[in-house]
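Let me begin by presenting the structure, written as structure tokens, before commenting on it.
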Amino acid sequence: MNELSPTSTEPKAQHWFTIGRLSDIPRRGARQVLLPRGPIAVFRTQTDEVYAIDDKCPHKGGPLSQGIVHDGAVTCPLHNWVIDLQTGDAMGADQGCVRTYEVRKDADGLVSVSLSGGSGKTE
Amino acid sequence: MTIRKKLVVIGNGMAPGRALERLLEKAPDAYEITIFNAEPRVNYDRIMLSPVLSGEKSYEDILIHDDAWYAEHGLTLKKGCKATAIDREKKQVTGADGSVVDYDKLLIATGSSPFIIPIPGKDLDGVLTYRDLDDVEAMLEAAKSGGSAVVIGGGLLGLEAAAGLKERGMDVTVLHLMPTLMERQLDTAAGYLLERAIEARGIKVRTAANTHEIIGEDRVEGVRLDDGTELPADIVVMAVGIRPNGDLARDAGLEVNRGIVVDDAMQTSDPDILAVGECVEHRGTAYGLVAPLYEMAAVVADRLQDGSATYTGSVTSTRLKVTGIDLFSAGDFAEGKDREEIVLRDATNGVYKRLVIQEDKLIGIVLYGDTKDGAWFFQLMRDGASIEEMRETLIFGQNYAGGSPLDPTAAVAALPDDAEICGCNGVCKSKIVGAITEHGLTSLDEVRARTKASASCGSCTGLVEQLMAFTLGDGFVPDAVQPMCGCTDLSHDDVRRLIVAKELKSIPAVMQELEWKTSCGCAKCRPALNFYLVADWPGEYEDDYQSRYINERVHANIQKDGTYSVVPRMWGGMTSSQELRAIADVVDKFGIPSVKVTGGQRIDLLGVPKENLPAVWADLNAAGMVSGHAYAKGLRTVKTCVGTDWCRFGTQDSTGLGVKIEKMMWGSWTPHKVKMAVSGCPRNCAEATCKDIGVICVDSGYELHVGGAAGMHIKGTEVMCSVETEAEALEYCAAVVQLYREQGRYLERIYKWMDRVGLDAIREQVVEDEAKRTALFEKFLYSQRFAQKDPWAERVAGKDAHEFAPMNRIAMREAAE
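Taken in sequence, the protein lines are chains W and Y.
So the mapping is simple: the working numbering equals the position in the first sequence, first residue as 1, plus 32.
So the mapping is simple: the working numbering equals the position in the second sequence, first residue as 1, plus 54.
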């Protein structure tokens, strides 16, 4: 009844920013987190996975946070590129990649993001 | 004999019970044991409370340890005596009766408490939880006199409580905050099947229901939801979750987060104190299922004998204990790029199975309807066994595992002659094969016409096609059906037909019953399904917000830079100084960079940042303007000329008719956008002959045109018919739009729909068949009752507020760290 995913241990250098609660993000939806260098998009899938990526489509800079979220991907609202939320890679025939950020959920439903880790590619 | 060490146990639930049992088996004389038990009972099986509630078992049946067991092992059980304090310096535990007991080792097993939602009325008489035998007894007492029960929480416990109360003759409603029942354990598809099964037992289910307060004077009388709905209730059962009981440990200065923190040795921050069960937090996880608790108990028993066993966390599985509902889930069933899923749906038998695989290993399982392979899958998952060899047949379960992958045609060939292919029409294999050979049938339609196989629900279409391929060999060319998207083999038309035929009223229902190949669809099928359901079930279907394209979600048009454009409605293209002044004020107030006159006779305000939208709308609303739906797959504009009001050639009041049409049709959702126009004479200044629907006024009445376009394709309209009165013009226009709403494929403009079905077919239904026209008109008006709400005003009032504000901001200094 009461299972919570274990929180991962992180390297000491990494700084985690608490950005809100899981319930702040609609299922199959996204919210923006504003940064001085531009927004990042934080997604929540149907199955409550949370991903954070730059809110900028590699194609023409479309705001990915406004797209339709299906399974582990989002379709950009401008020209329908489909971006894999976990890797940041464009799917299908399109070529491109968007920066991803590490996210974690804690037992109380708080969501945090790390701005130092992550990259265009996840190992 | 050496002096025995003293062990004190706080709590007498299943976890410490199991730990003691194990300890006594191996080392019966190692400790002198005292147990503090807040409940006035011995150890019983809490897992079996549901069968006690439903009447399938009695309290005696679920006892684990009776009084004799405690006596036999020389345990001191302090029944009904709560431990009130731990003194770690003196190594003593104080009980509520004032007694003080020394310990060498202390085991804390204080369990968990039901979570009580902090709402008004939570303390009223008749508000119960579902945790122990007292709760069950209170429920049974209430159920004696019948009446209504509301269960808050559609998780495992809540549903079991609901089923039990229903079994006892109460009228039961389950309220669940999330859209899907048991959303932690199930995906949407399985949640849908579960909801259906629960409802089939006569239990009412309300998902996405937020309880506002419990009403009543001294006793519960009902429950009020956030949306104002009131449900009568004689009892309310809260089953929304549990929280570990860590207070006693916290007061004693032990480390407690969510639960009492233990390491892999089940040891707390004090080396002489261990903890076990639901009060524990291990590696960040608190468990509420029995299997992990027993695993912990085994480690505790070993450690109490100075062993070195470790607990490293549990992989858990869930089964619902409601008779007649088979449900199993385990592991992690989220999607991911490096994961693949195998989905098997059998709509006829209500079966849904989903396996999630990562690197050739099974990591997640959801089974509904047929759970007999649950244990086998779970074992494969826990063992981390490679499933590479059996991937093809894995989903079919243990019996098929290791067999050779099935070639579909070979499988059909192997079926006996009397195997039933089409369940709806009772058509067997030999009948189909016979018809194909005898009549030289080569197409699916011919087979359908001759045998009726796959002619009803269509779910055996694939099987019939395989049978044709098997019978005809290379002579079989399957019909080129364009599937809706990669998530299904069904065409738009098939999906629409089946939504109506099978009365499917939600997206998960469609995906389950029509055997969708993905778990939650894609950006192509979801908006289409959402429209079909909106169009087919007005007033019943609840719009799925996240299946709408962004423009229809935020009621504005997204622009290339991520800002939005705002177009207020101008009825029939008419405006006023007051409206224009309000627009000018909005432009100044919000610094809107561009103002543009559109082709649809209205004004577009471009470059509005999303967070400003509600404030912009509030000002426009205040001046009496509403959304122009310039973003919608729905009615856009009704363009008009000035007609008899001003024009010396005007034959009818074209402006007035345009305004009336727009007032009737605004807010309606259609397969694609619908643009209309009314011209006051054949000079056609409103350009009605390149619109989806156009009206040309003539002396004798109104010429009604359909199927024009002036976009990527230029196409003049065709004349559908002429009518004499304005009322007829309105009725015919609405009827043709309704027919398009019922037959059009999503994103198919009216002219394409007309090319496909033919103008004659439209005329037959709208013009010649009066009864059909009236029915279409009435259906349109009925659905407008639910559609005509100004979306801007709703959002100004606070709807979807999360959409218009960022979740958070991270300032420069912090972000630079």
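Note that the Cβ used here is the ideal one computed from N, Cα and C, for glycine as well.
Asked	Found
Below 8 Å, how does it come out for the stretch 95-110 of chain W and the stretch 56-66 of chain W: are there three or more Cβ pairs, yes or no?	yes
Which residues in chain W have a C-beta closer than 8 Å to the C-beta of A388/Y? List them in chain order.	T77, T79, D80, E81 and G104
Count the other C-beta atoms from every protein chain shown that fall within 10 angstroms of the C-beta of P95/W, then say buried if there are 16 or more, exposed otherwise.	buried
Below 6 Å CB to CB, which residues in the same chain sit around T107/W once its five sequence neighbours on both sides are set aside?	G99, I100 and V114
Buried or exposed for D301/Y, going by 16 or more other Cβ atoms inside 10 Å?	exposed
For V145/W, collect the residues of the same chain with a Cβ closer than 6 Å to its Cβ; drop the 5 residues on either side in sequence, then sort them by chain order.	F49, I51, A84, Y133 and V135
So which residues of chain W does R260/Y contact, with C-beta pairs closer than 9 Å?	Simply none; closest approach about 18 Å.
At which residues does the beta strand (DSSP E) containing Q146/Y begin and terminate?	Q146 to G149
Is the shortest distance between the beta-carbon of V130/W and the beta-carbons of chain Y less than 8 Å?	no
Starting from V74/W, find everything on chain Y with Cβ-Cβ shorter than 8 Å and list it in chain order.	M861
Does R60/W get closer than 8 Å to chain Y when you measure Cβ to Cβ?	yes
To the nearest angstrom, how far is it from the Cα of T154/W to the Cα of P346/Y?	For T154/W, the predicted model reports a pLDDT of 36, less than 50, meaning its position is unreliable and no value from the coordinates is stated.
Using the three-state DSSP reduction, which class does I604/Y fall into: helix, strand or coil?	helix
Does the Cβ-Cβ distance between C579/Y and T542/Y come in under 8 Å?	yes
Quick one: residues in its chain with C-beta nearer than 8 Å to the C-beta of V274/Y, no 5 flanking neighbours on either side, listed in chain order?	G175, L178, D179, G180, V181, I268, A287, D288, I289 and V290
Anything in chain W within Cβ reach of A577/Y, meaning under 8 Å, just list it in chain order.	G99, I100, H102, T107, N112 and V114
Among residues of its own chain, excluding the 5 on either side of I486/Y, which ones have a beta-carbon nearer than 7 Å to its beta-carbon?	I475, V501, T505, A507, V518 and L521
I'd like the span of the beta strand (DSSP E) that includes Y37/Y, first residue to last.	The question about residue 37/Y has no answer here: the residues shown for chain Y are numbered 55 through 871.
Between the Cα of D356/Y and those of D673/Y, L74/Y and L758/Y, spot the shortest distance and give me the residue it belongs to.	L74/Y
Quick one: give me the first and last residue of the beta strand (DSSP E) that A105/W is part of.	A105 to T107
Drop a sphere of 10 angstroms on the beta-carbon of Q64/W, count the other beta-carbons inside from all chains shown, and report buried for 16 or more, exposed for fewer.	buried
To test your reading of the DSSP string, which unbroken beta strand (DSSP E) runs of 3 or more residues are found completely within the stretch 349-400 of chain Y?	371-373, 381-385 and 393-400
Please list the terminal residues of the continuous alpha helix (DSSP H) segment that includes I252/Y.	T242 to A254
Counting only Cβ pairs nearer than 8 Å, list the residues of chain W close to I171/Y.	By Cβ distance, chain W contributes nothing, its closest Cβ being about 14 Å from I171/Y, past 8 Å.
So E110/Y is in the beta strand (DSSP E); what residue range does that whole segment cover?	Counting along the chain, E110/Y falls outside any beta strand (DSSP E), and DSSP gives it neither H nor E.
Less than 8 Å between the C-beta atoms of G65/Y and A163/Y, yes or no?	yes
So what's E802/Y in DSSP terms, helix, strand or just coil?	coil
Would Q600/Y count as contacting chain W if we go by Cβ distances under 8 Å?	yes
Measuring CA to CA, which of G494/Y, R95/Y, E567/Y and P470/Y is closest to C514/Y?	E567/Y
Would you call the CB atoms of V294/Y and I419/Y closer than 8 Å?	no
For a minimum of 4 consecutive residues, which ranges assigned as the alpha helix (DSSP H) are wholly contained in the stretch 204-245 of chain Y?	210-221
Is the stretch 648-662 of chain Y touching the stretch 582-594 of chain Y in the sense that three or more CB pairs, one from each, lie closer than 8 Å?	no
Determine the chain Y residues that contact G142/W at a beta-carbon separation under 8 Å, and present them in chain order.	Reading off the sequence shown, one finds Leu at residue 142/W, where the question assumed Gly. By Cβ distance, chain Y contributes nothing, its closest Cβ being about 11 Å from L142/W, past 8 Å.
Let me make sure I understand the geometry here. Which of G208/Y, D471/Y, F431/Y and P725/Y has the alpha-carbon closest to that of S371/Y?	F431/Y
Going by beta-carbon coordinates alone, are R304/Y and A340/Y separated by less than 8 Å?	no
Quick one, which of D241/Y, S199/Y and G276/Y has its alpha-carbon nearest L229/Y's?	G276/Y
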